[in-house]
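Engineer: My structure is below; once you've seen it, I'll send some questions.
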């Protein structure tokens, strides 16, 4: 069976940047942070729930018939508004995203102010739907959202909707459910005509870097919608500056009626991050196809996507610089900027005493050593591929059949060196050499390695069918470079380990 028992892990981010879920989970067993104890009884909760459901169906067949009918109808309704369209219709319907709104924001601001003063917005009861796995506590309890003017946000959304589709929309409501991550909050907008959007707001006061990331995300999603079949939400409007009546930088985008792969089927508490076995092959096959599609979006330089005069180009990476002409240039810039997020005291607390000295020196030296090796590694030349960088199950929206409806959270996407192309995060592994003498092969790691081999086979099959050049599968097969890519991301996330060992693996390849 494909991908049996493969857990969905996470890397410890400095800032969670999730759309539907503010939490990701680390199931990687490491000597520096042990794996949580498994269920001592070995009970598969998913099987238990299926068994209970089966008995309930036998006892109450009529009730299950009604539930099934209602669910089918609900799926038919929601699918009319999601992004499951063919490649031809997607390209036909693709619209150019303007920098900010085509109507000046301050004109919209005046409309908003007038509407609020005259109480133009009428109240109505939005339609109900399957509850989202979002927070249900009062949004007023979120200190970071205290300055947000929700009435202004509603009036802004109404103004944009009227402008875009010529509708007579006069009211909308914000969902009581919401979600927050490290950097953003999201709420659903329900219009009186049944249309639904999502507002995604920055939680903190704006900086130059946060503004650049918002713009890059908007432009990257526009590129992906226009030039690929990868499903992403449509962006209707955005404000990259927080000096507006809403009080925060934000974007308004299409609401996709589904849940994340991480949150589906009861969430982590039920499945512990594992994809249900009956969906595993379908899910990873679809992901392989999407990754091949993404890797086909290539540019001559390395950096972040930006749209200038209607054309997509590569610009600087927020916090790093560029654009870069070669992978070596990128690695050297990365080495100068990279900072491990934890200080020496924390590292010592989390490291066995006998390894503390080696671990500390390895962490300190890793960036500079990588920078010195950059010109001597057999690095690939361009054109370079687009990568997501945060492709976890918590950023993949699915339906009840595990069909992928949308890929979200493109804030840190970039055109990358081929050497930094990696498996989707849910299939990634901590390089064994980083744990040094403490590494022990486990059943989990053997299964993960087997899953990676199967995933590469799916990528190769897709490349053949789509007549691609095979660069993606070659990058995934290169174990030494995969370890380097993982080490670089883990370093920024603060994973403690022997990073120098990863670079030692590369020495036989030096020019």
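In the UniProt record's numbering, the protein residues as written are 1 to 511.
For each residue, glycine too, the CB sits at the ideal point set by N, CA and C.
Here the structure is a predicted model, which is why all the values come from computation and not from measurement.
Is it buried or exposed for residue 499, if we count other Cβ within 10 angstroms and need 16 for buried?
Structural biologist: buried
Engineer: Given residue 348, which residues of its chain have a CB within under 7 Å of its CB, disregarding the five upstream and five downstream residues?
Structural biologist: 356
Engineer: So what does DSSP say about residue 408, is it helix, strand or coil?
Structural biologist: coil
Engineer: To the nearest angstrom, how far is the alpha carbon of residue 426 from that of residue 268?
Structural biologist: 14 Å
Engineer: Which first and last residues belong to the alpha helix (DSSP H) in which residue 359 is found?
Structural biologist: 353-373
Engineer: On the criterion of 16 or more Cβ atoms from any shown chain inside 10 Å, does residue 409 qualify as buried, or is it exposed?
Structural biologist: Burial is judged here by how many other beta carbons sit within 10 angstroms of a residue's own beta carbon; residue 409 has at least 16 and is buried.
Engineer: If we count the other Cβ atoms within 10 Å of its Cβ and call it buried at 16 or more, is residue 65 buried or exposed?
Structural biologist: Only weak support exists for where residue 65 lies, its pLDDT of 36 falling under 50; the coordinates are left without a value.
Engineer: What does the alpha-carbon distance come out to for the pair residue 204 and residue 501?
Structural biologist: 38 Å
Engineer: In the DSSP output, what is residue 251 paired with across the bridge?
Structural biologist: 200, 238
Engineer: Answer yes if the region 197-217 comes into contact with the region 246-253, meaning at least three C-beta pairs across the two stretches below 8 Å, and no otherwise.
Structural biologist: yes
Engineer: How many angstroms separate the CA atom of residue 407 from the CA atom of residue 354?
Structural biologist: Straight-line measurement puts the Cα of residue 354 at about 43 Å from the Cα of residue 407.
Engineer: Report the CB separation of residue 337 from residue 418 in whole angstroms; it is logged as a contact under 8 Å.
Structural biologist: Contact doesn't hold; Cβ gap of about 21 Å is too wide.
Engineer: Taking the continuous beta strand (DSSP E) assigned at residue 173, which residues delimit it?
Structural biologist: 172-180
Engineer: Please identify the residue among 219, 420, 282 whose C-alpha is closest to the C-alpha of residue 328.
Structural biologist: Among 219, 420, 282, the Cα nearest to that of residue 328 belongs to 420.
Engineer: If we ignore side chains and look at the alpha-carbon of each, how far apart do residue 510 and residue 257 end up?
Structural biologist: In a straight line, the C-alpha of residue 510 is about 49 Å away from that of residue 257.
Engineer: With three or more C-beta pairs closer than 8 Å as the rule, is the region 374-394 touching the region 294-304?
Structural biologist: yes
Engineer: Does DSSP put residue 325 in a helix, a strand or coil?
Structural biologist: coil
Engineer: Among 429, 435, 232, 213, which has the Cα closest to the Cα of residue 184?
Structural biologist: Measuring from the Cα of residue 184, the nearest candidate turns out to be 213.
Engineer: What is the residue span of the beta strand (DSSP E) that residue 306 lies within?
Structural biologist: 304-308
Engineer: Label residue 483 either buried or exposed according to how many other C-beta atoms from any shown protein chain fall within 10 Å of its C-beta, with 16 as the threshold for buried.
Structural biologist: buried
Engineer: Kindly indicate the opening and closing residues of the beta strand (DSSP E) around residue 284.
Structural biologist: Not the beta strand (DSSP E): residue 284 falls in the alpha helix (DSSP H), residues 277-295.
Engineer: Helix or strand or just coil, what does DSSP make of residue 462?
Structural biologist: helix
Engineer: Would you list the one or two residues that DSSP bridges to residue 186?
Structural biologist: 179, 200
Engineer: DSSP on residue 444, reduced to helix/strand/coil?
Structural biologist: helix
Engineer: Taking DSSP's pairing of strands, which residues face residue 299 in a bridge?
Structural biologist: 384
Engineer: Between which residues of its own chain and residue 468 is the CB-CB distance below 7 Å, once the five residues before and five after are set aside?
Structural biologist: 292, 296
Engineer: Between the C-alpha atoms of residue 137 and residue 275, what's the straight-line distance to the nearest angstrom?
Structural biologist: One C-alpha to the other measures close to 29 Å.
Engineer: Measuring CA to CA, which of 311, 319, 460, 474 is closest to residue 289?
Structural biologist: 460
Engineer: Pull up the CB-CB distance for residue 503 and residue 379, whole angstroms please, since I reckon it's below 8 Å.
Structural biologist: Actually they are not in contact, since the Cβ atoms of residue 503 and residue 379 sit about 14 Å apart, beyond 8 Å.
Engineer: Assign residue 317 to one of three DSSP states: helix, strand, or coil.
Structural biologist: strand
Engineer: Count the other CB atoms, across all protein chains shown, that sit within 10 Å of the CB of residue 310; report buried if there are 16 or more and exposed otherwise.
Structural biologist: exposed
Engineer: Hey, could you find the ends of the alpha helix (DSSP H) residue 158 is sitting in?
Structural biologist: 150-165
Engineer: Out of 230, 222, 370, point me to the one whose CA is closest to residue 237's CA.
Structural biologist: 222
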